[in-house]
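A short worksheet on the structure shown next.
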C-alpha cells in the first residue's frame, strides 16, 4: 500500500462561537495542535499556522476535530474535518463540518503528498 503524508497548514476563523475562541485540534483521540499550549486564541478573521503532518495508507481516513477549551465546564465541540487519503493533491481549503447548535465557522487548509 502507498503511504501518503497529510499536511494540515492553517485553520481560519470566519466566525467564533464566543467573542474569542480558545481552540485546539484533536485527531483519533489525541490533541495534535497546539503542541506547547492548552489552546490557541482565535477571533474573527484570524488564521493560525498548524504545521501538523501525519501518514496514512491509501484509502484510509482521518477525522480532525476542533474543540473550544473551557475552564469551568466541559470543552465545546465546534466541528470536524474528515479526509480520505485517496490521491495526492492540494493545498485545499475546506470548511469544518459543525453541529446545528454551533454558530462558529472555521475552515482548514490541507494537502496530501
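Residue numbers (the numbering used here): 739 to 851. Backbone N, C-alpha and C define an ideal beta-carbon position, used for all residues, glycine too. Fair warning: this is a prediction, and the values are worked out from it, not measured in the lab.
Between the CA atoms of residue j and residue i - distance to the nearest angstrom
{"i": "residue 795", "j": "residue 839", "result": "34 Å"}
{"i": "residue 755", "j": "residue 787", "result": "20 Å"}
{"i": "residue 772", "j": "residue 779", "result": "10 Å"}
{"i": "residue 828", "j": "residue 790", "result": "15 Å"}
{"i": "residue 808", "j": "residue 746", "result": "24 Å"}
{"i": "residue 832", "j": "residue 763", "result": "15 Å"}
{"i": "residue 814", "j": "residue 742", "result": "31 Å"}
{"i": "residue 798", "j": "residue 769", "result": "20 Å"}
{"i": "residue 806", "j": "residue 744", "result": "23 Å"}
{"i": "residue 812", "j": "residue 785", "result": "25 Å"}
{"i": "residue 767", "j": "residue 802", "result": "9 Å"}
Identity of the residues DSSP links to residue i by a beta bridge
{"i": "residue 817", "result": "804"}
Close beta carbons around residue i, own chain, < 6 Å, minus the five adjacent residues each side
{"i": "residue 836", "result": "817"}
CB of residue i within 7 Å of CB of residue j, strictly
{"i": "residue 761", "j": "residue 804", "result": "yes"}
Other residues of its chain near residue i: CB distance less than 7 Å, five sequence neighbours each side excluded
{"i": "residue 753", "result": "782, 841, 842, 843"}
- Contact between the stretch 792 to 811 and the stretch 822 to 839 (3+ Cβ pairs under 8 Å): yes
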